[in-house]
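J.: First to last, the protein sequences are chains X and P.
When we follow the numbering used here, the leftmost residue of the first sequence carries the number 29, and every step to the right adds one.
When we follow the numbering used here, the leftmost residue of the second sequence carries the number 364, and every step to the right adds one.
Think of the CB as a built atom: it goes at the ideal place given N, C-alpha and C, for glycine as much as any other residue.
One structure follows; several queries about it will come next.
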Amino acid sequence: MGRNTLKLSTEGFEQYLAKLKGLGADLKPIVTEALEQAGETVQYDTENAMGSLPNGGKYETGKTRKSIIRNPEVKWTGAMAEIGVGFNFAPSSAAGYLITGTPRMKPARELNRMYKGKIYIKGIQQDMADIFVDELTKRMVD
Amino acid sequence: MEDKLIEILSGFRYPVMLQGSLSENEDYPPHFFTFWNNDSASDSFYDNKDHSLVCEYDVNFYSSDPELVYTRLREAIEELKKQGFIVSGDGYSVASDEPTHDGRGVHVIYRKN
């Protein structure tokens, strides 16, 4: 079973990266920074979402909180980079129950929105795009 | 939007319920669908009005027959696509409260103009 993670990568940002490369930019630190910032946002939002759960709930254990991936590393495969953020446990773990719920337990609304919806991740990708645009603007002004 | 989703899933003649709505004392039906609205957002906003709305749902199928969990969900995916929902992938395993039942879910999107 896979982990409860969101994979963020450079896929979809090829045009920005090609333009940056054309302007002589060193892509590795820029991409690493964008992915790490996105990872930090997801980690922060996940911790907040966990914090908003009612105390004493069925899955209110330190274990679930500890399973949040912290300070994930960017992995490079050739020119592609990715980062895995989220929970370091299988879908059958407490985090999995919280994200999808069960017929007897409603999903934790915020975690479900983040990890199952597409709208949240689209916002994170927009943040990454903004970083690339800033880098492009800097170089075009210089 | 839920009305349309429920109508399509009900066509399979299994109970359709909101995820988390079964009480602790209620038995699982042998086979059933659940759904949950993940999120909804305005996709095109101008002239101070929403012109399209994107609604996202989890659709889950639970069954005491592990094979049916795969086949029925695939049939549901095909039907939802035919009815205008956007569905990608073949689904994923979802947790069940009962050891007698397995569950599979899929993420579906509906754009209302």
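1. For P/Phe-448, verify whether its CB is less than 6 Å away from any heavy atom of the ligand PLP.
2. Excluding the 5 residues flanking P/Leu-372 on each side, which residues of the same chain have their C-beta closer than 6 Å to its C-beta?
3. Mapping DSSP to helix, strand and coil, what is X/Leu-34?
4. Buried or exposed for P/Ser-451, going by 16 or more other Cβ atoms inside 10 Å?
5. Name the chain P residues whose beta carbon is nearer than 9 Å to that of X/Ile-147?
6. Quick one: grab the DSSP three-state call for X/Val-59.
7. Looking at the structure shown, is X/Val-113 part of a helix, part of a strand, or coil, going by DSSP?
8. Can you tell me which of the three DSSP states P/Arg-474 falls into?
9. With a cut-off of 8 Å, do at least 3 Cβ pairs link the segment 106 to 115 of chain X to the segment 30 to 47 of chain X?
10. Apply the 10 Å Cβ neighbour rule to P/Pro-429 and answer buried if 16 or more other Cβ atoms are within range, or exposed otherwise.
11. Would you mind giving the Cβ-Cβ distance between P/His-470 and P/Asp-421, rounded to the nearest angstrom? I have them listed as a contact below 8 Å.
12. Is P/Ser-404 helix, strand or coil when you go by DSSP?
13. For X/Lys-166, which of X/Gln-43, X/Lys-47, X/Thr-38 and X/Ser-37 has the nearest alpha-carbon?
14. Taking only beta carbons into account, state which residues of the segment 449 to 463 of chain P come closer than 8 Å to chain X, listed in chain order.
15. Kindly list the residues whose CB is nearer than 7 Å to the CB of P/Ser-459, restricted to its own chain and excluding five residues on each side of it in sequence; keep chain order.
T.: If we stick to the structure as given:
1. This structure lacks the ligand PLP, and indeed carries no ligand of any kind.
2. Against the second sequence, residue 372 of chain P aligns to sequence position 9. Val-379 and Phe-396, listed in sequence order.
3. For the purposes of this step, residue 34 of chain X is identified with residue 6 of the first sequence, where counting begins at 1. Under the three-state reduction of DSSP, X/Leu-34 is assigned to strand.
4. Indexing the second sequence from 1 puts residue 451 of chain P at position 88. So P/Ser-451 ends up on the exposed side.
5. Taking the first residue of the first sequence as position 1, residue 147 of chain X is located at position 119. The contacting residues are Asn-401, Asp-402, Ser-403, Ala-404, Val-417 and Glu-419.
6. Numbered from 1 along the first sequence, position 31 holds the residue referred to as residue 59 of chain X. Correct three-state label for X/Val-59: helix.
7. The sequence position of residue 113 of chain X within the first sequence is 85, counting from 1. Here X/Val-113 sits in strand by DSSP.
8. Counted from its first residue, the second sequence places residue 474 of chain P at position 111. DSSP places P/Arg-474 within a strand segment (E or B) once states are collapsed to three.
9. Touching, yes.
10. For the purposes of this step, residue 429 of chain P is identified with residue 66 of the second sequence, where counting begins at 1. The Cβ neighbour count for P/Pro-429, taken over all protein chains shown within 10 Å, is under 16; the residue is labelled exposed.
11. Sequence index remark: in the second sequence, residue 470 of chain P carries index 107 (1-based). Sequence index remark: in the second sequence, residue 421 of chain P carries index 58 (1-based). Contact between P/His-470 and P/Asp-421 holds: their C-beta atoms lie close to 6 Å from each other, under 8 Å.
12. Stepping through the second sequence from its first residue, residue 404 of chain P is reached at position 41. One detail in the question is off: residue 404 of chain P reads as Ala in this sequence, not Ser. Residue state, collapsed to three classes: strand.
13. The residue labelled residue 166 of chain X in the question sits at position 138 within the first sequence. Comparing alpha-carbon positions, the option among X/Gln-43, X/Lys-47, X/Thr-38 and X/Ser-37 lying closest to X/Lys-166 turns out to be X/Lys-47.
14. Cβ contacts with chain X: Tyr-455, Ser-456, Val-457, Ala-458, Ser-459 and Asp-460.
15. Locating residue 459 of chain P in the second sequence gives position 96, where the first residue counts as 1. Here the set comprises Tyr-425, Asp-465 and Gly-466.
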